[in-house]
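In what follows, a structure is listed as structure tokens, so that the remarks can point back to it.
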Amino acid sequence: MNKKYWGTKVEKPKKPWDAPKIDNWVFMTKEDNYLPKHAKTPIVRHIKVKDIRSPFDGDLIYWSTRMQKHPEMTSSLGRLLKRQKGKCAHCGLTFRTEDLLEIHHIKPRSLGGSNLDKNLELLHLHCHDTKHGNKINSSELDRNPF
């Protein structure tokens, strides 16, 4: 009865001079089909959420840098925020909730640059404007059409 459910698993040593670890009580059906023991599960440490933070507080910058896939944030923006640690690549200041963000191509697409993450960086709108010159806001054009 024991042989039907329990088997022996030999674990290779991490260092070649160590002896292999033999476990005679492994719940298994075949050699490659076994139930791993709880002790073999690696421990994953997590960074605690700051005291007053909540996913519903509207701070997309904090949550996007923290968990890259915030439901209200695009995946590319989340990856860039995480890579830049929530800071503008131009001025180095931390992004705030009310800031307008722009994705900037390091090597312009007109010069053969791509849309890959390694060619993109995240900037404040005003930092992006200083890199490219002044940008006219479309809402300003609508306010004074003549």
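Residue numbering for the sequence shown follows my numbering, starting at 12 and increasing by one per position. Virtual Cβ for every residue (Gly too), placed ideally from N, Cα, C.
- Straight-line measurement puts the Cα of Lys32 at about 44 angstroms from the Cα of Asp128.
- For Leu131, the number of other beta carbons within 10 angstroms of its own is at least 16, and it is reported as buried.
- Setting aside the 5 residues that flank it on each side, Cys138 is surrounded in the same chain by Cys99, His101, Cys102, each with a C-beta closer than 6 angstroms to its C-beta; the list follows chain order.
- When the beta-carbon positions are compared, Leu111 and Leu136 come within less than 9 angstroms of each other.
- For Met39, DSSP records a beta bridge to Tyr45.
- For Gly89, the three-state secondary structure derived from DSSP is helix.
- Between Glu113 and Leu133, the C-beta gap is smaller than 9 angstroms, which places the two residues in contact.
- Taking C-beta separations shorter than 8 angstroms and ignoring five residues to either side along the sequence, the partners of Leu91 in its chain run Ile114, Asp128, Leu131, Glu132, Leu133, following chain order.
- The three-state reading of DSSP puts Thr19 in strand, counting E and B together.
- Taking 3 residues as the shortest admissible run, the region 88-126 contains the following complete beta strand (DSSP E) segments, listed from N- to C-terminal end: 112-116.
- Residue state for Lys129 is assigned as helix, using DSSP reduced to three classes.
- According to DSSP, Leu134 shares a beta bridge with Glu113.
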